[in-house]
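Residue numbers (my numbering), protein chains in the order written: chain A, 1 to 395; chain B, 1 to 395; chain C, 1 to 395.
Built from N, CA and C at the ideal position, the CB exists for glycine as well.
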Amino acid sequence: MGEFDSFKYQLDRPLDVKLSEFQRNDRLKHLIFAAQLTPGLLEKLRRMADMIRHMSRTRQGNMQLKNLLAHRRAMLYFTQPSTRTFLSFMAACQILGITCNEVRDTATSSETKRESKADSIRMFSSYFDVIIMRTMISEFSECCAYLMNQLELQEMRSVPIINAGAGADEHPTQALLDMYTILRTFTHDYSRESKRSRFIELQASYPELVAGPARKTYLFCGDMGRGRTARSLATVLSQYEQVRMFFVTPDHGELIMERAMIDKLRARGVEVHEFNSLDAQHDGHPILAQTDCLYMTRIQREHNSAQVEAELGQIDLSPFKLTPARASVLKTYAPILHPFPRDSVVGEIPTSIDADPRAMYFRQARNGMWIRAALLVHLFDAAEELMLIYGQFHQ
Amino acid sequence: MGEFDSFKYQLDRPLDVKLSEFQRNDRLKHLIFAAQLTPGLLEKLRRMADMIRHMSRTRQGNMQLKNLLAHRRAMLYFTQPSTRTFLSFMAACQILGITCNEVRDTATSSETKRESKADSIRMFSSYFDVIIMRTMISEFSECCAYLMNQLELQEMRSVPIINAGAGADEHPTQALLDMYTILRTFTHDYSRESKRSRFIELQASYPELVAGPARKTYLFCGDMGRGRTARSLATVLSQYEQVRMFFVTPDHGELIMERAMIDKLRARGVEVHEFNSLDAQHDGHPILAQTDCLYMTRIQREHNSAQVEAELGQIDLSPFKLTPARASVLKTYAPILHPFPRDSVVGEIPTSIDADPRAMYFRQARNGMWIRAALLVHLFDAAEELMLIYGQFHQ
Amino acid sequence: MGEFDSFKYQLDRPLDVKLSEFQRNDRLKHLIFAAQLTPGLLEKLRRMADMIRHMSRTRQGNMQLKNLLAHRRAMLYFTQPSTRTFLSFMAACQILGITCNEVRDTATSSETKRESKADSIRMFSSYFDVIIMRTMISEFSECCAYLMNQLELQEMRSVPIINAGAGADEHPTQALLDMYTILRTFTHDYSRESKRSRFIELQASYPELVAGPARKTYLFCGDMGRGRTARSLATVLSQYEQVRMFFVTPDHGELIMERAMIDKLRARGVEVHEFNSLDAQHDGHPILAQTDCLYMTRIQREHNSAQVEAELGQIDLSPFKLTPARASVLKTYAPILHPFPRDSVVGEIPTSIDADPRAMYFRQARNGMWIRAALLVHLFDAAEELMLIYGQFHQ
């Protein structure tokens, strides 16, 4: 980091101490860590995302939304390449009328003129009302949040910072959209019919089923070592009661879930089991048959050394593919998630699964747009105005 | 195409069979081929483009237009470089309030993570309401249209696809803007005076003159081999009655109009003649004196092999330049078109022609903006709303 | 320039003769030279920038502003890399509802197809309503302005041109934002308390103090040789009465203010003195103690030859750094300006100065946004409409 040395003291503190600095009363000032996504906040954001989603179905609703934050301008500072997250944030901003600006290539920026990163960020905060950032430097967004807090203390202009993914580390808004998909699924309101009947119908087959993310089994399959999205999601889910997690990964040091993470999850009361195949059994039954939610991931190839790449090439990946036969073992309501992109060569989810009603991965992407819009409404403290226009819309 | 192999059966069918799949009743679902531009559709689009053009002359009209599709978001997927077509579509979207997003470099996209093209496109269709695409792969947009049709059948989200030029192949929206310029010119409403008098005036000198594109002679000059715009336009014009076409090209295999195309035009009743100079005669009179519309093109240099480049370097291009002397032979009303860019080194149209009232090429570019806006209104089924606000505007 | 040869005659005329061609009555048609920024125009723009700034403090004000020029589209043609100026213009456009388009890389443009620059610019003027340009070619924007004037004479479509910095030459909108900061400071309205009392308070310590930029001493420190911003600002300031300028630079031919410029300033009645350290004295007193406004600049490293780079490496830059000790010598009201970016390695302004109430450089950047918005309102002749909505806003 070098230039952010002045924040070294803050960076080195334990996470719990940091979190309160990114809050203002009940509300986020910045979103930097997945750990900020408490069940209470998630429920608040889910409700707003639902409103935004409903309103966007009509022209009138869309026009009201487009007015909501039309006086705001966003900077999307994406120096780590990303199409999906970038476009999702763009769309989220556009839904709310926020004007977007972008910096995607530091080569064209003043950083080549030896401007400090802090000066660049402060310049952005002069022109724009929120900075959404994705960089290779994992602590960059955290430092920017400290910079903004410091400016606020000095009664200078300060804007919210959103961490849109940093290096191989945190990706809190991905966890947010995964959670929104899970929350939506486990209210069982996806069917076009009334919510109630679908839930009652399911309870006939699954009497132990309850609404919401608690008391469920989550199966994570693929790359737990480098896949920040699985780690962020597991962290958030560990806040709910009686959660069980199955981690299904190849037996390779780069791909298994790291020990510290498993210990942390267990310390929070999560029941964790590890397996080396989707066909594995637990307590005498197939793990897939016990799964309430399946989270598939791609084996990442971008950041490998030649040696790791060679080793990964030796691994038989067939036990980590969701074949139609395996999908048939899953519970009838269990959503199939994937943070995308999926690997079209490996085919961890073959396209033959796409028509399965439990395949949520395309809807999941669209959910990302709604929940990111909700996050922006929250950060700009416009929740009340949203509820107001939603009330008018519904009349 | 590889990844789009599942559409191979559809790709291999004859064009006529395909066209109906890109329609819904009277309306386009996607614009993929110039052959979709029937005289009926062109007339419909022309009327809408005229309305948009008139409304854009005042602040009030512009504000009404900017509201028309303000609830829509477009993806401009332009992985084949293009400034002109890109900016023209941007401007068209902006006139209607459509928010624009772009992908111009596949290197930054998830395709580097082995995401399939189909997944990328479906992701775009999750976030955006129309996909406007220009790629090096000629059948890409066609396959995307099939993908969208398939999603529609599965009652999934599906959006219109616009082919904004693909490889060396089709460029239907260029044909659209060329036709709009021709339709505008041949109603003779360009003069600031009343339409009527100008037409009557012309009929005094040209008693055989009728309004509209039928019964006219079109002279295409330059590069017919690689110039997709001339081929697309000739295809569209061949639908009108008693059309005659003069193709004036250097006598080189890469530059002449291909035999199959000429056969197809003749089969449709077009009278076709080929020449090797703008000074050529036909039936004892200069071809320029018989021309109702002159379509100049640039000799393309981008895609040549070293050998072809050397051969082209040998050709005397002076017979294919519109000198002021040659322009003086043209009919007094004959519009001079050029799809642009023109070659400032070769000078197929020297700047000394720019002030000629028949020089339409800059207006042609601006026409592209209006007619592309009309196309978007059509694809979003907003023609009635446009007519409504136009009615209010005119009161 | 080559392609713009037809404008050679115009280019070679003296500046005074040119200026009138970029005016229409009292109003700018194009902004090409800093010399166009007369005290009268600056006062007009300052008032508009103040209105825009005040309105932007509330949601309602912002929404009214966003409507003001919502029917306009801008082209930001920035082929010389620039983040700061680019984003500032983007934000300025967005405040007023102007839709932005950009070309930042000529490699993707039709210029690779041998299109002339004049054709490219005329194409932009077909689609957009103003062209804001920053290029490596210093006379490019001037030629574009001539091209637009010529089209206007021919009753063709013509749009305003804004020079947003060209090569190592003029950067009139930087001078504009510097002047806006100076004008704001010297009305002494920065304090949250009433304007009046602050001014009276200052006059107690500085009885000779008057409002406005006249009768002041401006100290320019750093790189006067390549820093176009200092030269542009000095040119503008030379129009005010009884102005004194101190140029403090290393004694190197590349860095000192050029002789012709100093002669020109003196011819206009400016009292000019040169020094080689911020600690220098004049008339027996420290120059810093006599300074009403301090303009710091960065020693530019981008455009140096290896030899110059080596020579600059030998120079002791410590006499040109604003240490806290030196800042304490400055008058209590003297604003500290810097066109930014500052050099974080050299540290001509260390971050320890940032909390000083006289440090204006971040506010200066934000001022750039307001005054550029005012410039756009002026060029689009919307000053009356701005005053109208400001009147409504204030009620």
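- Using CA coordinates, which residue listed in B:Ser6, B:Ile131, B:Gln80 and B:Glu384 is at the minimum distance from Gly167 of chain B? B:Gln80
- Message: In whole angstroms, give me the CA-to-CA distance for Asp169 of chain A and Arg228 of chain A.
- Response: 6 Å
- Enclosing alpha helix (DSSP H) for Arg342 of chain B [first to last residue]: Premise fails: Arg342 of chain B is in no alpha helix (DSSP H) and is neither H nor E.
- Could you please give me the residues that DSSP links to Ile131 of chain A through a beta bridge? A:Met75 and A:Ile161
- Task: Return yes when the Cβ of Ala355 of chain B is within less than 9 Å of the Cβ of Pro421 of chain B, no when it is not.
- Result: Since the displayed chain B opens at 1 and closes at 395, residue 421 of chain B lies outside it and no answer follows.
- Query: In terms of DSSP beta bridges, what is Pro172 of chain B paired with?
  - Reply: Its beta-bridge partners do not exist; DSSP assigns none.
- Query: If we ignore side chains and look at the alpha-carbon of each, how far apart do Arg266 of chain A and Gly222 of chain A end up?
  - Reply: 20 Å
- Task: List the residues of chain B that Asn62 of chain A touches, going by C-beta distances under 9 Å, in chain order.
- Result: Ala70, His71 and Arg72
- Task: Mind checking which residues open and close the beta strand (DSSP E) that includes Glu102 of chain C?
- Result: Thr99 to Val103
- Looking at the unbroken beta strand (DSSP E) that takes in Val272 of chain C, where does it start and where does it end? Glu271 to Phe275
- Item | CB contact check: Phe124 of chain B to chain A, cutoff 9 Å | yes
- Put Leu96 of chain B into one of helix, strand or coil per three-state DSSP. coil
- Any chance the stretch 360-380 of chain C sits against the stretch 62-79 of chain C, with 3 or more Cβ pairs inside 8 Å? yes
- Query: Going by other Cβ atoms of all chains shown within 10 Å of its Cβ, with 16 needed for buried, is Gln60 of chain A buried or exposed?
  - Reply: exposed
- For Tyr190 of chain B, three-class secondary structure by DSSP: For Tyr190 of chain B, the pLDDT reaches just 49, beneath the cut-off of 50, and the residue's location in the model is therefore unreliable, although a value from the coordinates is still provided. DSSP places Tyr190 of chain B in coil when its eight states are reduced to three.
- Assigned exposure category for Ser191 of chain A - 16 Cβ within 10 Å defines buried: Low confidence applies to Ser191 of chain A: its pLDDT is 47, below 50, so where it sits in the model is not reliable, and the reading given next is rough at best. When all chains shown are included, Ser191 of chain A counts as exposed.
- Reducing DSSP to helix, strand and coil, say where Pro286 of chain C ends up. strand
- Message: Check this for me: beta carbons of Gly212 of chain A and Phe186 of chain A, under 9 Å apart or not?
- Response: yes
- My understanding is that Arg298 of chain B touches Ala334 of chain B, with C-beta atoms under 8 Å, so please give their C-beta distance in whole angstroms. The Cβ separation is near 20 Å, so there is no contact.
- Query: CA-CA distance, Thr99 of chain A and Gln94 of chain C?
  - Reply: 7 Å
- Query: Is there at least one non-hydrogen atom of the ligand HEM closer than 8 Å to the beta-carbon of Gly253 of chain B?
  - Reply: Annotation note on the ligand HEM: not contained in the displayed structure, which lists no ligands.
- Neighbourhood of Arg342 of chain A by C-beta distance below 8 Å, restricted to the same chain and skipping five residues each side: Met296, Arg298, Glu348, Ile349 and Tyr361
- Closer than 8 Å at the beta carbon, the chain B residues around Thr99 of chain C: Gln94
- Can you say whether Ser305 of chain B is buried or exposed, counting buried as having 16 or more other CB atoms within 10 angstroms of its CB? exposed
- To the nearest angstrom, how far is it from the Cα of Leu288 of chain C to the Cα of Ser277 of chain C? 10 Å
- Query: Per DSSP, Arg244 of chain B forms a beta bridge with which residues?
  - Reply: B:Thr217 and B:Glu271
- Cβ distance (whole Å) where Thr323 of chain A is taken to contact Leu219 of chain A below 8 Å: Contact flag wrong, Cβ pair sits at about 15 Å.
- For chain B, find out if any of its Cβ atoms is closer than 9 Å to the Cβ of Met1 of chain C; answer yes or no. Because the pLDDT of Met1 of chain C is 47, which lies under 50, any placement of that residue in the model is unreliable, and the number read from its coordinates should be weighed accordingly. Not an interface residue.
- Taking the DSSP output, what are the residues bridged to Tyr295 of chain C? C:Phe220 and C:Leu337
- Do we get a CB-CB distance below 9 Å when we pair Val346 of chain C with the residues of chain A? yes
- Message: Please tell me whether Gln392 of chain C has its Cβ less than 9 Å away from any Cβ of chain B.
- Response: no
- How do the stretch 48-56 of chain C and the stretch 384-395 of chain C stand: do at least 3 beta-carbon pairs fall below 8 Å, yes or no? yes
- Using a Cβ cut-off of 9 Å (strictly closer), state whether Asp343 of chain A contacts chain C. no
- Message: Please return the same chain residues whose Cβ sits closer than 7 Å to the Cβ of Glu21 of chain A, not counting the five positions on each side in sequence.
- Response: Asn149
- Message: Out of A:Leu147, A:Leu41 and A:Arg366, which one is the CA nearest neighbour of Leu28 of chain A?
- Response: A:Leu41
- With a 10 Å radius around its C-beta and 16 neighbouring C-beta atoms as the bar for buried, classify Asn163 of chain A as buried or exposed. buried
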